[in-house]
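Some notes on the structure that comes next.
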Amino acid sequence: MNNRHIYDVLIIGSGLGGLVCAYILSKNGYKVAVLEKHTQIGGCLQTFKRFGVKFDTGMHYIGSMEEGQSLYKLFKYLGLLNVPLNKLDPNAYDIISIAGENYQYAMGKENFIETLAKAFPKRRNDLKTYMQRISEVAGASPLYNLRPIKGIPVINPDYIKISVNDFIASVTSDEKLQNVLAGNLPLYAGIKDKTPTYIYALINAFYIQSAFRIINGSDKIAHSLAESIRSFGGEIYTSTEVTEILFDNKKATGVQTRKKGIIEAKNIISNIHPEATINLINTPLIRNVYKERIRSLENTISNFTVYIKFKENKVPYLNSNFYYYDNENVWGINDYDPSQYPQNYLFMHQCHVGNPTYAESAEIIGYMKYDEVRKWENTSIGRRGEDYKAFKEIKAQQLLQKLEKSFPNILSDIEAYETSTPLTYRDYTATKEGTMYGIVRDKNFPVQTLVPQRTKVPNLFMTGQNINSHGILGVSIGAIITCAEFLGVNYIIEQIQKANQ
257 MNNRHIYDVL IIGSGLGGLV CAYILSKNGY KVAVLEKHTQ IGGCLQTFKR FGVKFDTGMH
317 YIGSMEEGQS LYKLFKYLGL LNVPLNKLDP NAYDIISIAG ENYQYAMGKE NFIETLAKAF
377 PKRRNDLKTY MQRISEVAGA SPLYNLRPIK GIPVINPDYI KISVNDFIAS VTSDEKLQNV
437 LAGNLPLYAG IKDKTPTYIY ALINAFYIQS AFRIINGSDK IAHSLAESIR SFGGEIYTST
497 EVTEILFDNK KATGVQTRKK GIIEAKNIIS NIHPEATINL INTPLIRNVY KERIRSLENT
557 ISNFTVYIKF KENKVPYLNS NFYYYDNENV WGINDYDPSQ YPQNYLFMHQ CHVGNPTYAE
617 SAEIIGYMKY DEVRKWENTS IGRRGEDYKA FKEIKAQQLL QKLEKSFPNI LSDIEAYETS
677 TPLTYRDYTA TKEGTMYGIV RDKNFPVQTL VPQRTKVPNL FMTGQNINSH GILGVSIGAI
737 ITCAEFLGVN YIIEQIQKAN Q
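Its first residue numbered 257, the sequence shown is counted upward by one per residue in this note's numbering.
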């Protein structure tokens with residue numbers, strides 16, 4: 257790396273948001289460099305291998321990938337249609353298991369309604385109202401539909417200021433159906449009386465259109481983007497940790513790195529957590545009151561994951577995601593009692609080849625509070641001690657025993673397993689306390705819990721799951737919003753539309 261060269265844009269972090277920004281800007285002639293702390297790019301797109309099996313770390317399934325749907329259009333523009341996908345069960349892409357009863361989420365608006373109406377025959381009209389209203393929210397967003405913006409886009413204030421649980425209660429008085437409709441809340445770490453409706457509606461509309469698993473690892477998305485970025489003249493450097501963002505008296509001038517010295521840039525985009533970003537800043541251009549606001553924001557809960565390798569040809573492939581709840585009330589699981597762990601989990605088989613008959617591997621993901629691992633927070637990966645290993649084994653067995661109740665005899669078909677905790681997630685994704693989805697969006701404080709792409713420094717920007725929203729579509733739209741500071745949002749949308757003609 258020639259440190260004397262001044263890049264047009266330096267991007268800190270190679271998660272999805274950073275890579276999409278790098279793709280868009282390098283495609284449009286900007287000299288871009290992406291700086292990644294770890295040896296592997298991708299953030300939550302990273303994978304790892306254990307027992308000869310590849311496991312995803314964060315991106316487990318995606319939606320709206322049928323031709324003409326939103327993510328398909330975006331993937332076509334980003335050159336990602338080469339990423340191999342396997343469609344989930346159209347009649348049960350998600351199974352919601354509540355207190356021993358299973359309910360199915362089906363793809364397609366009518367199919368979704370009719371499938372749940374079999375379990376709730378008297379609530380068909382409620383389900384129609386539900387679908388109409390979440391479709392209204394999704395359809396009103398020009399960015400989520402990749403349409404040019406005319407004037408100032410406005411989300412109906414009701415969907416910003418009303419919580420998910422209140423919204424669902426407004427479409428049906430049936431408490432059991434209310435819980436079923438909220439059953440995939442681990443997708444956004446929903447919090448009762450806080451999470452605004454628009455987040456829930458956009459996510460559910462996204463998956464109801466169509467849902468897919470990525471065959472043999474989400475890292476294919478990161479590597480495909482990286483290949484394109486390099487073909488446009490962009491550069492990506494791994495093992496390059498940024499220790500400080502540098503400034504003069506008006507703007508950012510570059511970054512100090514641990515191994516490669518100072519790298520200069522005309523603009524900087526941070527794709528790491530906002531708190532991690534401000535911890536790199538020492539300038540009066542960013543006021544302390546702003547730093548304290550960012551530090552005080554609540555973050556979503558973290559997780560404990562068990563990565564399972566099955567014995568060969570023993571476990572039939574489950575082409576659905578399985579959301580489990582002990583009790584009839586799905587809310588409040590983020591505030592669980594550790595002595596009753598786990599009260600919920602998400603169980604997913606991984607798709608190692610197209611349309612597999614048997615599963616090779618799976619993951620069980622359960623919420624976990626950072627407080628449960630705080631005593632080891634100053635330790636490093638692989639050096640946390642025997643008591644930490646014992647803690648992980650206890651938690652793994654608790655999850656596995658609960659899994660056995662829904663899938664009898666599955667434990668005898670497990671060959672090996674590995675685990676991760678909030679500390680693992682923290683150390684590999686640079687998120688505060690291993691938060692799953694970054695900063696909590698709170699309908700009670702919609703403006704205060706919004707982190708914009710702009711900062712008080714004119715050439716320092718942010719992107720990632722805390723800008724706009726999380727998830728593959730939310731983060732990609734957030735990257736478009738960030739790149740709009742350079743190119744204009746409608747120019748980017750027009751490029752996407754032309755790519756799909």
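All residues carry an ideal CB built from backbone N, CA and C; glycine is no exception.
query: For Q657, the first and last residue of its enclosing alpha helix (DSSP H); result: 642 to 662
query: Proximity of V290 and G274 at Cβ, strictly below 8 Å; result: yes
query: Where the alpha helix (DSSP H) containing N367 begins and where it ends; result: 365 to 375
query: The region 691 to 708 in contact with the region 416 to 431 per 3-pair CB rule at 8 Å; result: yes
query: Member of A615, N559, S326, S466 whose CA lies at the smallest distance from the CA of G314; result: N559
query: CB-CB length for D264 against K522, believed under 8 Å; result: 5 Å
query: Same chain, Cβ closer than 6 Å to P612, neighbours up to 5 away in sequence not counted; result: Y573
query: Those residues which DSSP pairs with Q512 across a bridge; result: E500, I518
query: Residues that DSSP places opposite R306 in a beta bridge; result: V309
query: contact_flag[the region 438 to 446, the region 570 to 588] where n(CB pairs < 8 Å) is 3 or more; result: yes
query: Identified DSSP bridge partners for F488; result: None, per the DSSP bridge assignment.
query: Beta-carbon separation (whole angstroms), I471 vs N342, contact threshold 8 Å; result: 5 Å
query: Neighbourhood of E674 by C-beta, 6 Å cutoff - its chain only, sequence neighbours within 5 removed; result: R306, Y563
query: Local conformation of P530 per DSSP, three classes; result: helix
query: G727 - containing alpha helix (DSSP H), residue span; result: 727 to 743
query: Cα-Cα separation, A457 to Y623; result: 22 Å
query: L655 and Y601 closer than 8 Å at C-beta; result: yes
query: Environment of C739 [buried if 16+ CB atoms lie within 10 Å]; result: buried
query: Sequence-distant residues of the same chain with beta carbon closer than 7 Å to P767, five excluded per side; result: No answer is possible for residue 767: it lies beyond the span of the chain, which begins at 257 and ends at 757.
query: Where I637 falls, given that 16 or more other Cβ within 10 Å makes a residue buried; result: exposed
query: Span of the alpha helix (DSSP H) around K417; result: 413 to 417
query: Those residues which DSSP pairs with G298 across a bridge; result: G271
query: Cβ contact (3+ pairs, closer than 8 Å) linking the region 493 to 507 and the region 526 to 537; result: yes
query: Three-state secondary structure assigned by DSSP to N258; result: In this prediction, N258 scores a pLDDT of 46, lower than 50, which makes its location untrustworthy; no coordinate-derived value is stated.
query: Burial state of D643 (16 or more Cβ within 10 Å); result: exposed
query: Cβ-based neighbour list, N259, same chain, cut-off 8 Å, excluding 5 preceding and 5 following; result: Residue placement at N259 is poorly supported in this model, since its pLDDT is 48, which falls under 50; the coordinates are not used for a value here.
query: Beta strand (DSSP E) runs wholly inside the region 311 to 366, at least 3 long, in chain order; result: 341 to 343, 350 to 354, 357 to 361
query: Where T680 sits in the DSSP three-state scheme; result: helix
query: Straight-line Cα distance separating V713 from K507; result: 6 Å
query: Euclidean distance between Cα positions of G541 and R549; result: Note that residue 541 is Leu in the sequence shown, not Gly. Going from the Cα of L541 to the Cα of R549 covers about 15 Å.
query: A755 versus H608 - alpha carbon distance; result: 30 Å
query: Three-state secondary structure assigned by DSSP to M692; result: coil
query: Backbone CA spacing between Q751 and I485 [nearest angstrom]; result: 16 Å
query: Cα-Cα separation between V436 and Y454, rounded to whole angstroms; result: 18 Å
query: Whole-Å CB distance - P404 paired with R697, under 8 Å assumed; result: The pair is not a contact, with the Cβ atoms about 26 Å apart (cut-off 8 Å).
query: Y747 burial status per 10 Å Cβ neighbour count (16 or more: buried); result: exposed
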